[in-house]
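To keep things clear, I will list the structure first and then write my remarks on it.
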Amino acid sequence: ELTQWGVTEPVIQSQGNDRILVELPGLSITDKEKESLSRVAILEFGELAAEEEEAKWENERGRWKPATAVINGEEKALSSRYFKENTYVGQDNMGRINLLFEWDEEGSELSEEITSRLIEQPLGIFEGDEPLRGDDGHPIAPIVQTTITSSGRITGLSLNEATRLSSQLNAGRLPVPLEIIYDQTVSPILGADFIDMSVKAGLIGIVLVMLFMILYYRHADKEG
1 ELTQWGVTEP
11 VIQSQGNDRI
21 LVELPGLSIT
31 DKEKESLSRV
41 AILEFGELAA
51 EEEEAKWENE
61 RGRWKPATAV
71 INGEEKALSS
81 RYFKENTYVG
91 QDNMGRINLL
101 FEWDEEGSEL
111 SEEITSRLIE
121 QPLGIFEGDE
131 PLRGDDGHPI
141 APIVQTTITS
151 SGRITGLSLN
161 EATRLSSQLN
171 AGRLPVPLEI
181 IYDQTVSPIL
191 GADFIDMSVK
201 AGLIGIVLVM
211 LFMILYYRHA
221 DKEG
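Quick note on UniProt numbering: the sequence shown kicks off at 1 and runs consecutively.
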């Protein structure tokens, strides 16, 4: 995630049990990039919930619950956790932006089970608590046309949004969102000034030690 911005030597340190200090030399981060850092790059897929069912998401397209299937006796929800890390952005023959992905083995089983029973029904896509929205601002919820097994595509995204998602999905996934509690930018000039002050302070310290030693030995010689 950090190397995509051209940072080759980021400094990452843990502070206690719930904080991380990150230093990015030579980089000035915009507010949009800060938001990107704090977002969890996990896409979840949902199906419409019946009236009596509990919904996890709700938007102008309806009430949604996680799209799940039972694999090896265990109910699992379909999400981008089952994407291979080779997601990329492309265009179809109409020039529309596509986010293309491949399922891993378990994801293929889940996708096959879920999409086979959702033919001609919408499949919602969510990032965190919010629906993934297209370039037109509307939630993306494609109608399932056929059973999807090994790979798939998400259409309707802007180039910037598709590129962001592809980059985040391939860079790795955090189990929980990050909250930026403090950030500070140190300019190169300020950094140089700090180094200059440190050098001067060191020189002053050496001079003071030398003066102390000269005075000490002079005093010792007089007493001797």
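For glycine and all other residues, C-beta sits at the position ideal for the given N, C-alpha and C.
May I ask you to list the residues that DSSP assigns as paired with residue i?
i	result
LEU99	VAL89, ILE154
ARG133	PRO139
ILE20	SER14
VAL70	GLU75
GLY62	ASN59
GLU44	SER79, PHE126
If you follow the beta strand (DSSP E) that residue i is part of, which residue opens it and which one closes it?
i	result
GLU54	It is not in any beta strand (DSSP E) - GLU54 carries neither H nor E in the DSSP assignment.
Just mark residue i as buried or exposed, buried being the case when its beta carbon has 16 or more other beta carbons within 10 Å.
i	result
GLN121	exposed
THR146	exposed
LEU52	Checking the displayed sequence, the identity of residue 52 turns out to be Glu instead of Leu. With fewer than 16 other Cβ atoms within 10 Å, it is exposed.
ALA201	exposed
GLY205	exposed
THR115	buried
Below 8 Å between beta carbons: does that hold for residue i and residue j?
i	j	result
GLY124	TRP64	yes
LEU159	THR87	no
residue 225	ARG153	With the chain covering only 1 through 224, there is no way to say anything about residue 225.
SER198	SER150	no
Examine the ligand FMN and report whether any of its heavy atoms sits within less than 7 Å of the Cβ of residue i.
i	result
LEU118	With respect to small molecules bound, the structure shown includes none, and the ligand FMN cannot be examined in it.
Specify, as a first and last residue, the run of the alpha helix (DSSP H) that residue i falls within.
i	result
GLU109	105–117
Contact between the stretch 47–60 and the stretch 129–143 is defined here as three or more beta-carbon pairs at a separation below 8 Å; is this criterion met?
yes
So does the stretch 65–76 actually touch the stretch 94–103, counting three or more Cβ pairs closer than 8 Å?
no
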